[in-house]
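Residues in the sequence shown are numbered from 132 upward in steps of one, following my numbering. So the structure is just underneath, and the comments pick up after that.
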Amino acid sequence: MKRRRLPEIPMDVMMEIFTRLPPKSLMRFKCVSKLWSSLICSRYFSERFLTVPSPRLYIFNHYHSVILSSAPDTTTSTTPSSSSSSFVHLYNLTTRQLVTLPAIKSYMMPSRKCKNLRSFPTYYFGHDPVNDLYKVICSISQTLISREITIISEYWVFVLKPGGSWKKVAPPDLVDFCPHVPIREGLSINGVIYYLAWIHISNIVVVSFDIKSEEFKMIRLPHKDSEALEIWIPDPGFIEYGGKATVFDYRCLRDNGMVDLWVLEDAGNKEWSRKTLHLPPSQLHLVKNITFKVNGATQNGKVILIPLGNLLSPYHFLCYDVKKNDMRKIEIKGIPDHWFHRESVFYLET
132 MKRRRLPEIP
142 MDVMMEIFTR
152 LPPKSLMRFK
162 CVSKLWSSLI
172 CSRYFSERFL
182 TVPSPRLYIF
192 NHYHSVILSS
202 APDTTTSTTP
212 SSSSSSFVHL
222 YNLTTRQLVT
232 LPAIKSYMMP
242 SRKCKNLRSF
252 PTYYFGHDPV
262 NDLYKVICSI
272 SQTLISREIT
282 IISEYWVFVL
292 KPGGSWKKVA
302 PPDLVDFCPH
312 VPIREGLSIN
322 GVIYYLAWIH
332 ISNIVVVSFD
342 IKSEEFKMIR
352 LPHKDSEALE
362 IWIPDPGFIE
372 YGGKATVFDY
382 RCLRDNGMVD
392 LWVLEDAGNK
402 EWSRKTLHLP
412 PSQLHLVKNI
422 TFKVNGATQN
432 GKVILIPLGN
442 LLSPYHFLCY
452 DVKKNDMRKI
462 EIKGIPDHWF
472 HRESVFYLET
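Okay, here's the thing in structure tokens:
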């Protein structure tokens with residue numbers, strides 16, 4: 132009896148099916164055939180897969196980690212690999228692959244030889260869309276504490292490719308660029324990395340790094356009522372809003388439900404705009420007399436605010452949609468009891 136040959140699934144249909152599967156299933160399906168493996172590992176599929184919403188909350192601390200998903204029975208525990216001040220570890224949570232970058236050979240890396248001399252290596256990860264390259268940027272800041280605080284800086288770049296190595300990048304020879312200490316996680320927007328940094332104990336700036344040209348720029352924060360922004364914001368949030376780097380001033384949020392968005396409209400000309408938001412009266416109870424901290428923003432413009440202090444059960448955070456001026460309280464269930472006795476942070480995927 133002649134066996135009937137089943138019709139092949141069209142490639143576009145297969146691609147659509149794959150984008151709706153969980154990452155762990157995709158990793159297993161790589162073993163089915165060379166075609167499936169090459170398709171799943173392709174850059175096109177990776178970019179397509181990331182566009183499909185897949186809500187997941189990843190919570191971790193220095194000792195353990197817990198993955199909480201919106202799907203039932205998907206709570207797992209892992210122990211992340213440790214890192215040191217000399218090495219950088221890139222860890223893929225889906226494939227469990229770990230890549231360790233070589234140490235930076237710089238005399239400015241952390242050392243215990245001098246108590247008054249402190250080094251702060253800070254790493255940022257970004258993508259060059261023109262050449263399709265991923266790069267890791269390291270800003271090493273060294274402070275000498277005596278009668279005054281003296282800051283010196285070095286900058287290094289690592290291109291993620293076989294045989295890659297660290298390359299020292301010279302700072303721009305500009306009057307308005309100076310050594311600094313990064314103070315916030317960076318934003319990678321359209322081939323440019325932005326981060327906040329101290330240049331003085333009461334002076335904060337925005338530093339930008341063009342991933343393709345590997346050029347730095349320093350942008351002063353705007354002024355409000357003839358007073359520098361950094362003076363009256365002790366702990367500014369830094370988010371992406373409308374595809375632009377934005378300072379999120381929530382100093383008046385807990386008292387009167389007001390926030391200011393300072394949007395960097397034109398980084399080249401260093402132009403800022405200001406947008407003030409007032410929470411609806413029906414939502415003021417969510418923030419009244421509670422101290423929060425900005426813990427990043429989602430790709431669709433929702434700012435994550437977490438309560439400061441020890442975790443309280445049931446744990447919650449606030450999701451503030453600045454585009455719609457709408458705030459939601461989200462409770463997290465299923466966290467082990469021991470998590471409520473130590474400080475933890477979380478990361479939200481959408």
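Note that beta-carbon positions come from the ideal geometry of N, C-alpha and C, so glycine has one too.
Lys433 is bridged by DSSP to Asp452. Relative to the Cα of Arg179, the nearest Cα in the group Asp386, Ser404, Leu152 belongs to Leu152. If you draw a 10 Å sphere on the C-beta of Lys299, you find fewer than 16 other C-beta atoms in it, and that means exposed. Per DSSP, the continuous alpha helix (DSSP H) segment holding Val144 begins and ends at 142-150. Looking at the DSSP output, Tyr254 bridges to Cys269. Comparing C-alpha distances from Ala234 to each of Leu439, Trp297, Asp452, Val434 shows the shortest one belongs to Trp297. Proximity of the region 331-344 to the region 414-433 falls short of the contact definition, fewer than three beta-carbon pairs being nearer than 8 Å. The residue among Pro310, Asn321, Leu305 with its C-alpha nearest the C-alpha of Phe256 is Asn321.
Here Gly374 is exposed. Its C-beta has fewer than 16 other C-beta atoms within 10 Å. Exposed is the label assigned to Met142, since fewer than 16 other Cβ atoms lie within 10 Å of its Cβ. With a threshold of 16 other beta carbon atoms within 10 Å, Pro293 falls short and is exposed.
Between Pro302 and the set Leu318, Glu316, Ser284, Val390, the nearest pair of CA atoms involves Ser284. Between Ile350 and Leu395, the gap from beta carbon to beta carbon is short of 8 Å.
Membership of Met158 in the alpha helix (DSSP H) is indicated by the continuous run 154-160. Assigned with DSSP and collapsed to three states, Ile171 falls in helix. Pairing Pro310 with Ile282 gives a Cβ-Cβ distance under 8 Å. Within a 10 Å sphere around the beta-carbon of Lys236 sit fewer than 16 other beta-carbons, which makes this residue exposed. Taking all protein chains in view, the Cβ of Asp263 is surrounded by fewer than 16 other Cβ atoms within 10 Å, so the residue is classified as exposed. Around the beta-carbon of Val163, fewer than 16 other beta-carbon atoms lie within 10 Å, marking it exposed. Relative to the Cα of Pro438, the nearest Cα in the group Arg249, Leu392, Leu384, Tyr372 belongs to Leu384. Here the alpha carbons of Leu248 and Pro154 stand approximately 45 Å from one another. Here DSSP, grouped into helix, strand and coil, assigns Leu166 to helix. Burial state of Val323 is buried, judged by a 10 Å Cβ sphere holding 16 or more other Cβ atoms. Excluding residues up to 5 positions away in sequence, Leu360, Ile364, Pro367, Gly368, Val390, Asp391, Leu392, Trp393 lie with their Cβ nearer than 8 Å to the Cβ of Asp380 in the same chain. In terms of Cβ geometry, Leu229 and Tyr222 form a close pair [threshold 8 Å]. Residue pairing by DSSP places Gly368 opposite Phe379 in a beta bridge. Inter-residue distance for Thr377 and Pro353 is about 11 Å (C-alpha atoms, whole angstroms).
For Trp403, the closest C-alpha among the options Ser270, His331, Phe340, Tyr372 is that of Tyr372. Pairing Val337 with Leu327 gives a Cβ-Cβ distance under 8 Å.
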